[in-house]
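Undergrad: Protein chains in written order, with our numbering: chain A, 37 to 483; chain B, 37 to 483.
Yeah, the Cβ is synthetic: ideal placement off N, Cα and C, and Gly gets one too.
Note that the coordinates shown come from a computational prediction; the quantities given were computed from them, not determined experimentally.
Number of protein chains: 2
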Amino acid sequence: MKNKKTSIYKAKAISGYPEWLPEYRVIELQWFDAIRSVFESYGYSSIETPSVEELDALMAKGASDKEIYTLARLQADEESKKDKSDARLALHFDLTVPLARYVSQHFNNLIFPFKRYQMQRVWRGERPQKGRFREFYQCDIDVINIDNLPLHFDAEMPRVMHEIYQKLNLPEKIQIRISNRKVLVGYLLGLGIAEDMIADVTRILDKIEKIGSDNVVKQLTDDLGLDTKLAEQSLALSKIRGGKAKELINAVKALGVNNDLLEQGLTELFFVLDNLSDLPDGDVIGDLSIVRGLDYYTGTILEAYIVSDTDFGAVGSGGRYEDLTGSFINKKMPGIGISIGLTRLFSWMVDGGHLEPQRFSSTDILVVQSSSESYEVSMQTANILRNRGFNVELFHSAVKIKKQLSYAEKKGIPYVWFPPFEGVDVHEVKDMKSRVQLVADPENYIF
Amino acid sequence: MKNKKTSIYKAKAISGYPEWLPEYRVIELQWFDAIRSVFESYGYSSIETPSVEELDALMAKGASDKEIYTLARLQADEESKKDKSDARLALHFDLTVPLARYVSQHFNNLIFPFKRYQMQRVWRGERPQKGRFREFYQCDIDVINIDNLPLHFDAEMPRVMHEIYQKLNLPEKIQIRISNRKVLVGYLLGLGIAEDMIADVTRILDKIEKIGSDNVVKQLTDDLGLDTKLAEQSLALSKIRGGKAKELINAVKALGVNNDLLEQGLTELFFVLDNLSDLPDGDVIGDLSIVRGLDYYTGTILEAYIVSDTDFGAVGSGGRYEDLTGSFINKKMPGIGISIGLTRLFSWMVDGGHLEPQRFSSTDILVVQSSSESYEVSMQTANILRNRGFNVELFHSAVKIKKQLSYAEKKGIPYVWFPPFEGVDVHEVKDMKSRVQLVADPENYIF
């Protein structure tokens, strides 16, 4: 058989495609369950879209800058290559484009406002690079409506996000930072910056964290031709953050800029922050330095950071947009959504040693097999316990009890059950932590 | 704006990629939860592998006949195309090859016997074809051990499968049919068929359902040169099915063929069927016509069918194999596994009109907003109910109550909650089914 060795393919990880051992996967599953339960507790419905979309659909939403994986059939024959009916397929790079396509396609069968959650993998066809994921989970909620969408949801989104981070039992505080694009844009317009320059100015303002204020002023003057005073004024907003909602609004007003859009943005921002004022201090703050690069955000914008490690980047984000489905149907459909970067945050926990796996499985009880004659009573006992709702493994062979106990130990199974066997006509259960072993009845023993 | 119309991409379904409306997705999620809970109740641990494997890894397990999707980076530049370090990636076509790779790669970090479950999408890069899925869910459990694996698991697998079909509340009976490759192969060897012809003979025997007994005999004689009597004897086994375990074994013995492998197979099959004899009559039967085309099965084999629609094909299957990881590491690792074709079965239910969606979401309670002044009390009420574990939607604006009730109606939300508002200083709750409205306390009302 040894000569077969040459045909052996060495199994190895693929860069950018995370995979966990069972003891970590148990925790990842708990995370999924926790996130799902919060989403559902606010009335969001699950949808799941295919992993692929037609490439044209992805491109219609302006994905030209995204790293996309396209699919090809390995066994495609010449004939089918000519078959134009098979559109070019590509893996989705986020869950927003699929949502836009889904809402457009199923428009007549949905109830609006449409509140959906979606927890799926997305793919980025990037070159392999250390620390960069090419496949990862996003957990999104969005609410989409026809023509207009109440401000209520702008406050609900950060609250949902906050509740999720609470539920994940993280060792570090996560802070949700909120701003409003109308405040930023209105402020810049009020300063006298021309409307057609706003996109360029905000693109540069978004770099403050990376390149620093001085370089931002330099780029605003050198690249865009703003005079120095105007450039410096543009930056003023980005220094306003934290405090009570009222104080934050007053700090903006103190800058002395008058603009209708700015006023509207401040009213919206106040509503949101005020609504969230019952949450612990510092968990959710107003932060006017937030820009969110994406052009399509038009109102509330938010980002979540690990407070002790902001350099790691956002572990959640979201915002309001004026029109989700513009490229698919002729309807104005505003929405607001958040996305939680589950894989990013989870891998940060794993890499930082913040997770302490306790159990290799979710098995509660191991039922031992004393001898091959006692197989049936062991099996029945396992069934009784299982019917009571416990996760139960029946040990698979009648080896020495010591070996069976050691299996339970290794897997972190908290209880071992001993059905009656020769000489002993009662059931017993052993608590693996306290080492206490007691007579017990499988029908009603309380663990 | 109308002139933008030309740029609109018409959103449409992609052939072979199923997608459900929210009211069906709720049920699909219940299925996933039910399957997962059964898997866990038998002590199987979740793992999840990436959607892709290196193409070489997929091919190492002899996937040459499988329809595979390979990935390509849309934005790959010339430089990276030359970069050989980026191995060719492909979407997995089942969950068995990924398991083999996973076990080999993480061998030193796993506890054996390794019992894992995996519920993931798989892809088949087929030409679009009506009724053929190109992306679908499989729900698998396998147990893998080093060197040998107790027969206990051969009996556990069909039991797990049976319990799952029970939990899914199917309108039609599912029957699990069990055989053993050793019985089939031993019987053919005992008839005097040469070992090197067994694969060809079983491949033809596997076609009985499709082409009928006469054509099978014809192919065995014409194509393989068996004499007619031998060809007919080969078929005798396939007529034996059902009855008690003992009867089934006796029926095989009555054929008068002696062979050690056959004996061993009968002993194994008896153990499995006898172990499952507590299940309702006809839910699990011995059926010696089962062949399972896949070469790697070596012992117990099983298939599950919708009794009223066997033509639909198997909705679950599985079996025992001698060596899972042969192409990856130099260890003998036998295993047994089952796979439930969730998407196949679910779409059969949808297409057949067997599902009656009741609710568009899992929201339990809609809290109304009587006026914009009562927003805060509505929000607090929603939070109280949510903290009690209910899924609660707060209606998003203070429109007419009639409109809010109609929203609850359309979404199938069972209860509507009225917090105090002008003139009314008590909470009330309305049962949408009975239409009864009562005074209630959000802190402790029992729904």
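So what does DSSP say about Thr334 (chain A), is it helix, strand or coil?
TA: Note: Thr334 (chain A) maps to strand in three-state DSSP.
Undergrad: Of all the residues that make up the region 235-259 of chain A, which are near chain B by a beta-carbon distance shorter than 7 angstroms?
TA: Hits within the stretch: zero.
Undergrad: For Ala468 (chain B), name the three-state secondary structure that DSSP assigns.
TA: Per the sequence presented here, residue 468 (chain B) reads as Met, with Ala not at that position. Correct three-state label for Met468 (chain B): coil.
Undergrad: Between which two residues does the beta strand (DSSP E) harbouring Lys151 (chain B) extend?
TA: Per DSSP, Lys151 (chain B) belongs to the beta strand (DSSP E) from Phe150 to Trp159.
Undergrad: Between which two residues does the beta strand (DSSP E) holding Gly352 (chain A) run?
TA: Gly352 (chain A) -> beta strand (DSSP E) spans Gly352 to Tyr357.
Undergrad: Given that Glu90 (chain A) touches chain B, what residues does it touch there, using C-beta distances under 9 angstroms?
TA: Neighbours of Glu90 (chain A) on chain B, chain order: Tyr45, Lys48 and Ile50.
Undergrad: For Ser274 (chain A), count neighbouring C-beta atoms within 10 Å of its own C-beta (all shown protein chains included) and say buried if the count is 16 or more, exposed if not.
TA: When all chains shown are included, Ser274 (chain A) counts as buried.
Undergrad: Shorter than 8 angstroms from the beta carbon of Val288 (chain A) to some beta carbon of chain B?
TA: It does not: the Cβ of Val288 (chain A) has no partner Cβ on chain B nearer than 8 angstroms.
Undergrad: Out of curiosity, what's the CA-to-CA distance linking Lys446 (chain A) and Ile147 (chain B)?
TA: Roughly 8 angstroms between the two C-alpha positions.
Undergrad: So does the region 363-377 of chain B actually touch the region 222-236 of chain B, counting three or more Cβ pairs closer than 8 angstroms?
TA: The region 363-377 of chain B, when compared against the region 222-236 of chain B, does not touch it at the 8 angstroms Cβ threshold.
Undergrad: Put Gly459 (chain B) into one of helix, strand or coil per three-state DSSP.
TA: DSSP places Gly459 (chain B) in coil when its eight states are reduced to three.
Undergrad: Quick check: what's the CA-CA separation for Ser249 (chain A) versus Thr238 (chain A)?
TA: Approximately 13 angstroms, taken between the alpha carbons.
Undergrad: Step through the CB atoms of chain B and report whether any lies within less than 8 angstroms of the CB of His432 (chain A).
TA: Closer than 8 angstroms to some Cβ of chain B, the Cβ of His432 (chain A) qualifies, so yes.
Undergrad: Please report whether the beta-carbon of Thr336 (chain B) lies at a distance below 8 angstroms from any beta-carbon of chain A.
TA: No, its Cβ sits nowhere closer than 8 angstroms to a Cβ of chain A.
Undergrad: Could you please give me the residues that DSSP links to Ser82 (chain A) through a beta bridge?
TA: Ser82 (chain A) is bridged to A:Tyr153.
Undergrad: Can you find a C-beta in chain A that's less than 8 angstroms from the C-beta of Tyr105 (chain B)?
TA: Output row for Tyr105 (chain B): interface = yes.
Undergrad: Between A:Tyr138, A:Leu324, A:Ser73 and A:Pro450, which lies nearest to Glu245 (chain A) when the distance is taken from Cα to Cα?
TA: The option with the nearest alpha carbon to Glu245 (chain A) is A:Leu324.
Undergrad: Distance cutoff 8 angstroms, beta carbons only. Does Ser325 (chain B) sit that close to anything in chain A?
TA: Cβ-Cβ to chain A under 8 angstroms: no for Ser325 (chain B).
Undergrad: Rounded to the nearest angstrom, what separates Met95 (chain B) and Ser81 (chain B) at their Cα positions?
TA: Spanning the two alpha carbons is a distance of roughly 27 angstroms.
Undergrad: For Asn39 (chain A) and chain B, any beta-carbon pair shorter than 8 angstroms?
TA: Caution is warranted here: a pLDDT of 39 is assigned to Asn39 (chain A), below 50, making its placement in the model unreliable, and no coordinate value can be reported.
Undergrad: Closer than 8 angstroms, CB to CB, is Gln165 (chain A) near chain B or not?
TA: Chain B, which has no Cβ nearer than 8 angstroms to the Cβ of Gln165 (chain A), makes this no.
Undergrad: Using a Cβ-Cβ distance under 8 angstroms, would Lys485 (chain A) count as near chain B?
TA: Lying outside 37 to 483, the shown extent of chain A, residue 485 (chain A) is not represented and no answer is given.
Undergrad: Which residues does DSSP pair with Asp178 (chain A) in a beta bridge?
TA: DSSP lists A:Arg152 and A:Gly373 as partners of Asp178 (chain A).
Undergrad: If you count every other CB in all the chains shown that lies within 10 Å of the CB of Pro207 (chain A), and 16 or more means buried, which is it?
TA: Exposed.
Undergrad: By the 10 Å Cβ neighbour count, where 16 or more other Cβ atoms means buried, how is Leu474 (chain B) classified, buried or exposed?
TA: Counting Cβ neighbours within 10 Å, Leu474 (chain B) comes out exposed, since fewer than 16 surround it.
Undergrad: Checking 8 angstroms against the spacing of the C-beta atoms, do Glu90 (chain B) and Arg124 (chain B) come in under that value?
TA: Contact flag set, yes.
Undergrad: Could you check if Lys40 (chain B) is buried or exposed, using at least 16 other CB atoms within 10 Å of its CB as the buried criterion?
TA: With a pLDDT of only 42 at Lys40 (chain B), under the threshold of 50, the placement of this residue in the model should not be trusted, and no figure is reported.
Undergrad: Does the beta carbon of Ala70 (chain A) come closer than 8 angstroms to any beta carbon on chain B?
TA: Taking Cβ atoms only, chain B never reaches closer than 8 angstroms to Ala70 (chain A), which makes this a no.
Undergrad: Thinking Ile214 (chain A) and Tyr341 (chain A) are a contact (beta carbons under 8 angstroms), I'd like their distance in whole angstroms, please.
TA: About 12 angstroms; that fails the 8 angstroms criterion.
Undergrad: Could you check if Thr361 (chain B) belongs to the surroundings of the ligand FMN, using beta carbon to heavy atom distance under 7 angstroms?
TA: The model on display carries no ligand, and the ligand FMN is accordingly not part of it.
Undergrad: If you draw a straight line from the C-alpha of Thr417 (chain A) to the C-alpha of Lys466 (chain A), how long is it?
TA: Roughly 15 angstroms between the two C-alpha positions.
Undergrad: Looking at chain B, is there any beta carbon in it that lies within less than 8 angstroms of the beta carbon of Ala108 (chain A)?
TA: Answer yes: the Cβ-Cβ gap between Ala108 (chain A) and chain B drops below 8 angstroms somewhere.
Undergrad: How many Å lie between Asn251 (chain B) and Phe348 (chain B) at the Cα?
TA: Near 22 angstroms, if we compare the C-alpha coordinates of Phe348 (chain B) and Asn251 (chain B).
Undergrad: For Tyr53 (chain A), which three-state DSSP category applies?
TA: Tyr53 (chain A): coil per DSSP, three-state reduction.
Undergrad: Which residues in the same chain as Gln174 (chain A) place their Cβ atom closer than 6 angstroms to its Cβ, once the five residues preceding and following it in sequence are excluded?
TA: Cβ within range, chain order: Leu131, Val158 and Ser375.
Undergrad: Can you find the residues in the same chain that come closer than 7 angstroms, C-beta to C-beta, to Val74 (chain A), ignoring five residues on each side of it along the sequence?
TA: Result list for Val74 (chain A): Val196, Glu199, Ile200 and Lys203, in chain order.
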